[in-house]
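Engineer:
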Amino acid sequence: MPDSISSLPPRVLRVAVPSPLRRMFDYRPCREAPACGWQPGIRVRVPFGRRQVVGVVVECSERSDFPLEQLKPVECWLDAEPLPEDWLWLCRFTARYYQHSLGDTLHQAMPVLLRQGRPLAGRMRERWQALVEPGDDDPRLKRAPRQAELLAMLRQHPHGLPTQAIVAQGYSREQLSTLVEKRLAVREEIPLTAAEPATEQLLAEPALPLNREQAQALATIHERLDAFHPCLLHGVTGSGKTEVYLQLIEAVVARGRQALLLVPEIGLTPQTLARFRSRFRVPVVALHSGLTDNERLDAWEAVASGRAPIVIGTRSAIFTPLARPGAIIVDEEHDGSFKQQEGLRYHARDLAVARAKHHAIPLVLGSATPSLESLYHAERGNYRHLRLTRRASRHAPARLELVDLRGRPRQGGLIPPAIEAIRTTLAAGHQVLVFINRRGFAPTLACHACGWLADCDSCDARMTLHRQPPMLACHHCDKRRPVPDACPDCCSADLRPLGSGTERTEETLATLFPKVPVHRIDRDSTRRRDAFERTLAEVRRGEPCLLVGTQMLAKGHHLPHVTLVIVVNADAGLYASDFRALEHSAQLLTQVAGRAGRAAHPGRVLVQTLHTDDPHLRLLAEHGYDALASQLLAERRAAALPPFRFLALLRLESPREETSAALGREAAAMLREWLGEHAPDVSCLGPVPAPMERRQNRYHMQLLLSGGRRSQLHAACARLTAWLEASPEARRVRWSLDVDPQTLG
Numbered sequence: 001m002p003d004s005i006s007s008l009p010p011r012v013l014r015v016a017v018p019s020p021l022r023r024m025f026d027y028r029p030c031r032e033a034p035a036c037g038w039q040p041g042i043r044v045r046v047p048f049g050r051r052q053v054v055g056v057v058v059e060c061s062e063r064s065d066f067p068l069e070q071l072k073p074v075e076c077w078l079d080a081e082p083l084p085e086d087w088l089w090l091c092r093f094t095a096r097y098y099q100h101s102l103g104d105t106l107h108q109a110m111p112v113l114l115r116q117g118r119p120l121a122g123r124m125r126e127r128w129q130a131l132v133e134p135g136d137d138d139p140r141l142k143r144a145p146r147q148a149e150l151l152a153m154l155r156q157h158p159h160g161l162p163t164q165a166i167v168a169q170g171y172s173r174e175q176l177s178t179l180v181e182k183r184l185a186v187r188e189e190i191p192l193t194a195a196e197p198a199t200e201q202l203l204a205e206p207a208l209p210l211n212r213e214q215a216q217a218l219a220t221i222h223e224r225l226d227a228f229h230p231c232l233l234h235g236v237t238g239s240g241k242t243e244v245y246l247q248l249i250e251a252v253v254a255r256g257r258q259a260l261l262l263v264p265e266i267g268l269t270p271q272t273l274a275r276f277r278s279r280f281r282v283p284v285v286a287l288h289s290g291l292t293d294n295e296r297l298d299a300w301e302a303v304a305s306g307r308a309p310i311v312i313g314t315r316s317a318i319f320t321p322l323a324r325p326g327a328i329i330v331d332e333e334h335d336g337s338f339k340q341q342e343g344l345r346y347h348a349r350d351l352a353v354a355r356a357k358h359h360a361i362p363l364v365l366g367s368a369t370p371s372l373e374s375l376y377h378a379e380r381g382n383y384r385h386l387r388l389t390r391r392a393s394r395h396a397p398a399r400l401e402l403v404d405l406r407g408r409p410r411q412g413g414l415i416p417p418a419i420e421a422i423r424t425t426l427a428a429g430h431q432v433l434v435f436i437n438r439r440g441f442a443p444t445l446a447c448h449a450c451g452w453l454a455d456c457d458s459c460d461a462r463m464t465l466h467r468q469p470p471m472l473a474c475h476h477c478d479k480r481r482p483v484p485d486a487c488p489d490c491c492s493a494d495l496r497p498l499g500s501g502t503e504r505t506e507e508t509l510a511t512l513f514p515k516v517p518v519h520r521i522d523r524d525s526t527r528r529r530d531a532f533e534r535t536l537a538e539v540r541r542g543e544p545c546l547l548v549g550t551q552m553l554a555k556g557h558h559l560p561h562v563t564l565v566i567v568v569n570a571d572a573g574l575y576a577s578d579f580r581a582l583e584h585s586a587q588l589l590t591q592v593a594g595r596a597g598r599a600a601h602p603g604r605v606l607v608q609t610l611h612t613d614d615p616h617l618r619l620l621a622e623h624g625y626d627a628l629a630s631q632l633l634a635e636r637r638a639a640a641l642p643p644f645r646f647l648a649l650l651r652l653e654s655p656r657e658e659t660s661a662a663l664g665r666e667a668a669a670m671l672r673e674w675l676g677e678h679a680p681d682v683s684c685l686g687p688v689p690a691p692m693e694r695r696q697n698r699y700h701m702q703l704l705l706s707g708g709r710r711s712q713l714h715a716a717c718a719r720l721t722a723w724l725e726a727s728p729e730a731r732r733v734r735w736s737l738d739v740d741p742q743t744l745g
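Residue 328 in the UniProt record's numbering is what sits at position 328 of the sequence shown, and the numbering runs on without skipping anything.
1) Report the rounded CA-to-CA distance for Ile415 versus Cys447, giving the unit in angstroms.
2) Tell me which residue opens and which closes the beta strand (DSSP E) that Ala648 is part of.
3) Grab me the residues of Val252's own chain with a C-beta within less than 6 Å of its C-beta, minus the 5 sequence neighbours each way, in chain order.
4) Residues in the same chain with beta-carbon distance under 8 Å from Gly313, minus the five sequence neighbours each way, listed in chain order, please.
5) Among Ala204, Leu297 and Cys487, which residue has its Cα nearest to the Cα of Val112?
6) My output table needs one value for Glu693: the three-state DSSP class, helix, strand or coil.
7) With Val483 and Leu465 assumed to form a contact (beta carbons below 8 Å), what rounded beta-carbon distance in angstroms separates them?
8) Work out the CA separation of Arg423 and Asp457 for me, nearest whole Å.
9) Report buried or exposed for Ala722, applying the criterion of at least 16 other Cβ atoms within 10 angstroms of its Cβ.
10) Just to confirm, are Trp87 and Val44 a CB contact at a threshold of 7 Å?
11) For Gly664, report the span of its alpha helix (DSSP H) as first-last.
12) Less than 7 Å between C-beta atoms, sequence neighbours within five positions excluded: which residues of the same chain meet that for Val17?
13) So for Pro615, helix, strand or coil by DSSP?
14) Looking only at its own chain, which residues have a Cβ that is under 8 Å from the Cβ of Cys717, when we skip the five neighbours before and after it?
15) Just to confirm, are Leu386 and Leu233 a CB contact at a threshold of 7 Å?
16) With DSSP collapsed to three states, give me the class of Ile436.
17) With a threshold of 6 Å on Cβ separation, who are the neighbours of His377 within its own chain once the five nearest residues in sequence on each side are excluded?
18) Can you tell me whether Met1 is buried or exposed, with buried defined as 16 or more other CB within 10 angstroms of its CB?
19) Quick test of the definition: if touching needs 3 or more C-beta pairs under 8 Å, does the segment 607-617 touch the segment 401-410?
20) If contact is defined by three or more beta carbon pairs under 8 Å, each pair taking one atom from either stretch, is the segment 639-659 in contact with the segment 699-714?
21) What residue does the alpha helix (DSSP H) around Thr464 start on, and which one ends it?
22) Return the chain-ordered list of same chain residues with a C-beta closer than 7 Å to the C-beta of Glu657, the five sequence neighbours on each side being excluded.
23) Following the continuous alpha helix (DSSP H) through Phe93, name the residue where it begins and the one where it ends.
24) Does the segment 436-451 come into contact with the segment 499-517, if we say contact requires no fewer than three beta-carbon pairs (one atom in each stretch) closer than 8 Å?
25) Taking the alpha carbon of Phe646 as the reference point, which residue from Pro741, Thr590 and Asp478 has its own alpha carbon closest?
26) Work out the CA separation of Ala554 and Leu546 for me, nearest whole Å.
27) Restricting to Cα atoms, I'd like to know which of Gly573, Val592, Ala593 and Ser577 is closest to His584.
28) Considering Ile328, what are the terminal residues of the alpha helix (DSSP H) in which it resides?
29) Grouping DSSP H, G and I as helix and E and B as strand, with all else coil, what is Val539?
30) Look up Cys717 in the DSSP assignment and say whether it is helix, strand or coil.
31) Taking 7 Å as the threshold (C-beta atoms), are Glu59 and Arg31 in contact?
32) Got a sec, what are the start and stop residues for the alpha helix (DSSP H) Ile166 sits in?
33) Val180 to Gly170, Cα distance in whole Å?
34) Tell me the DSSP secondary structure of Ile419 in three-state form.
35) Using a Cβ distance threshold of 8 Å, determine whether the segment 364-375 contacts the segment 227-243, with at least three qualifying pairs required.
36) Taking all protein chains shown into account, do 16 or more other C-beta atoms lie within 10 angstroms of the C-beta of Ala726, making it buried, or fewer, making it exposed?
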């Protein structure tokens with residue numbers, strides 16, 4: 001009797017639908033059940049309001065809070081088998097930790113085509129194989145010489161050839177089909193990401209020899225390949241961290257497991273992919289925002305099925321299901337790109353830690369400038385701290401030379417000593433990187449007669465002047481307008497650009513050095529697909545040239561012929577209101593300095609600043625990032641800031657300033673009353689205006705929660721979100737809760 005009862009379909013399916021509401025919705029099963037039966041992870045199409053949406057079954061039950069006859073039935077099921085269990089666990093954890101709707105989390109974590117109801121199946125390709133052994137000419141082909149030639153070619157490839165390769169040799173599909181009809185060849189369909197036929201050799205090229213520090217780091221990671229083993233691989237720029245990753249992944253794949261490597265920027269993906277694909281004979285798939293929807297689904301399915309042992313991707317790749325998880329690696333773990341800044345505000349690095357612990361597999365966090373959180377965990381013994389202090393080039397990392405900007409004339413942001421250093425470096429046949437973390441021609445446009453500045457009408461910000469094409473653009477709301485012929489206030493025609501951006505510096509360098517190629521690399525110049533890779537390929541040929549770029553160039557790129565780096569203005573992060581600004585600025589300066597002297601010649605780094613006597617900047621220049629990080633940790637401890645306390649930031653925005661401010665005051669009053677009894681360790685600060693109060697014609701307010709215990713902070717966050725969802729006033733305000741915010745803007 002129990003068996004017959006358990007085989008009956010459930011009466012209620014709890015479905016997570018793509019909605020901001022933090023609750024499940026009950027439906028009745030449709031008449032036909034999937035082959036595996038109803039279970040969590042099955043995608044279904046359900047009516048939701050006036051539309052139909054794709055949801056995910058998260059629970060099967062016999063009861064509902066509503067009468068069963070009032071429940072709407074599921075329209076249809078979309079999966080014969082449930083989505084991977086490890087993926088469903090990760091989405092549940094993410095929604096719970098970041099106080100986000102589970103339905104929206106599941107929606108964001110799956111490829112677009114799965115959200116639309118496409119089956120979880122990769123695209124297929126044709127492969128053709130000869131059925132007969134080489135020998136005498138087949139009598140069936142005496143009058144078909146081209147078919148005979150085609151069959152001879154297929155015989156030379158016993159594992160078969162794809163259609164594209166055959167057509168490229170001048171043969172047609174009709175000739176292939178004829179060989180199949182004559183039973184001389186066979187056609188089969190294989191996934192696009194199918195592995196090559198198995199061989200005993202995993203490597204396509206031999207691994208590089210490791211120095212003593214690399215070998216010790218790798219041996220430490222190898223000690224516990226079958227357990228959660230978090231390691232911070234702290235290596236100076238150019239110390240060979242990637243080779244450690246490669247040899248760790250070799251060991252993981254040799255054990256029949258899969259490895260996931262996260263990189264911070266899409267710009268790093270092509271060079272990383274090329275290096276991994278040249279090393280391994282197994283499929284290496286990529287997951288990043290530059291893929292088409294079909295390509296993303298193909299890669300996702302190949303990894304979920306286990307056909308692809310190596311996955312390389314940006315932030316969202318953390319949600320890729322792994323059939324046989326073996327190791328997770330986060331390269332440049334300090335990078336802010338791993339934090340999603342809107343919608344589901346997750347941090348891929350932190351999810352990597354949770355996922356590695358869940359799977360009981362090694363985790364490697366690599367960086368030359370580790371985040372203070374990771375350094376704190378390493379100091380406490382939560383992470384193994386592995387150091388790489390030697391560069392492969394055998395040159396010590398270039399020291400930062402502080403150059404005083406005060407009272408000196410500038411051309412495109414560059415002072416005479418910097419220009420002279422560029423001239424000397426180019427004359428020696430080397431390359432120069434000029435780093436300026438501001439795109440456009442100039443930060444803004446000003447009237448020299450009356451002092452008018454080009455402000456954005458929708459934000460508390462200046463509009464940036466661009467020359468290619470000519471326009472004023474706001475980099476916060478993306479509003480654009482033509483460059484005026486005269487001042488709107490006094491009608492003077494004396495309008496002048498203030499400051500320098502990448503375009504102005506590029507123009508200045510092209511004028512000063514007309515015979516030397518100048519390559520500008522920023523978000524504007526690399527919009528076209530593969531533009532970034534083509535520019536880097538030209539630079540790597542080694543001819544003297546000038547590179548002008550933003551932080552896109554500071555992250556992990558190997559530029560062996562660059563021997564001089566010039567930082568146009570190092571002051572932007574020194575006195576910002578955000579408490580993390582100095583940490584991020586020091587990381588960026590150290591990373592961009594690491595592009596110099598990575599090969600045969602030593603490097604030099606000139607840092608232009610108005611504050612050569614700033615104690616933090618001097619400490620960074622004289623003793624390096626590690627010394628500054630130790631001091632910043634001491635300051636954070638004294639100020640009770642992360643990593644010594646945990647934060648959550650409530651952001652409120654409304655077209656009317658008073659609306660968001662009033663809701664913030666009500667929320668703060670409710671929360672303070674609740675905290676005293678339930679979470680006394682949590683404090684509530686605010687509400688206060690955001691650092692940029694008006695953005696896109698909406699007024700932004702903030703409420704900051706700070707707690708010494710993560711459990712109490714999450715309890716307070718859950719209370720706050722429940723109150724906001726029930727508050728009628730909150731429906732007139734756009735709000736979001738950011739757990740572990742990386743910026744307070």
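Glycine residues also receive a C-beta, built at the ideal position from the N, C-alpha and C atoms.
These figures come from a predicted structure and were not determined experimentally.
Structural biologist: Result, derived from the coordinates:
1) Separation of Ile415 and Cys447 (C-alpha to C-alpha, rounded to the nearest whole angstrom) is 24 Å.
2) In the DSSP annotation of this structure, the continuous segment of the beta strand (DSSP E) that includes Ala648 starts and ends at Phe646 to Ser654.
3) Annotation for Val252: Ala259, Gly326 and Ala327 place their beta carbon closer than 6 Å to its own, counting only its chain and skipping 5 residues before and after.
4) The residues are Leu260, Leu261, Leu262, Val263, Thr269, Ala286, Leu287, His288 and Thr320.
5) Nearest to Val112 by C-alpha distance, out of Ala204, Leu297 and Cys487, is Leu297.
6) In this structure, DSSP gives Glu693 an extended state, which the three-state scheme calls strand.
7) The pair is a contact, with the Cβ atoms about 7 Å apart (cut-off 8 Å).
8) Straight across, the Cα-Cα distance linking Asp457 with Arg423 is about 42 Å.
9) It counts as exposed.
10) For the 7 Å CB-CB criterion, Trp87 and Val44 do not form a contact.
11) For Gly664, the uninterrupted alpha helix (DSSP H) run begins and ends at Glu657 to His678, by DSSP.
12) So the qualifying residues of the chain are Phe25, Val46, Phe48, Val53, Gly55 and Gly103.
13) Pro615 falls in the helix class under three-state DSSP.
14) Excluding sequence neighbours, Cys717 sits near Gln99, Ala648, Leu705, Leu737 and Val739.
15) Against a cut-off of 7 Å, the Cβ pair of Leu233 and Leu386 comes out as a contact.
16) The answer is coil: DSSP assigns Ile436 none of H, G, I, E or B.
17) If we look at His377 and ignore the five residues flanking it on each side, its Cβ neighbours are Tyr383.
18) Unreliable placement is indicated for Met1, whose pLDDT of 36 sits below 50; no coordinate value is reported for it.
19) The segment 607-617 and the segment 401-410 touch, with no fewer than 3 CB-CB distances between them shorter than 8 Å.
20) Cβ pair count under 8 Å is three or more, so yes.
21) Taken as a continuous stretch (DSSP letters only), Thr464 belongs to no alpha helix (DSSP H), being part of the beta strand (DSSP E) at Thr464 to Arg467.
22) In its chain, beyond the 5 residues on either side, Tyr699 have a beta carbon closer than 7 Å to the beta carbon of Glu657.
23) Its alpha helix (DSSP H) spans residues Glu85 to Tyr97.
24) Touching, yes.
25) Measuring from the Cα of Phe646, the nearest candidate turns out to be Pro741.
26) Taking the straight line from one Cα to the other gives about 15 Å.
27) Nearest C-alpha to His584: Gly573.
28) No alpha helix (DSSP H) holds Ile328; the beta strand (DSSP E) holding it covers Pro325 to Asp331.
29) If DSSP states are grouped into helix, strand and coil, Val539 belongs with the helices.
30) Three-state result, Cys717: helix.
31) Against a cut-off of 7 Å, the Cβ pair of Glu59 and Arg31 comes out as no contact.
32) First-last of the alpha helix (DSSP H) with Ile166: Thr163 to Val167.
33) In a straight line, the C-alpha of Val180 is about 18 Å away from that of Gly170.
34) If DSSP states are grouped into helix, strand and coil, Ile419 belongs with the helices.
35) The segment 364-375 vs the segment 227-243: in contact.
36) With fewer than 16 other Cβ atoms from the protein chains shown falling within 10 Å of its own Cβ, Ala726 counts as exposed.
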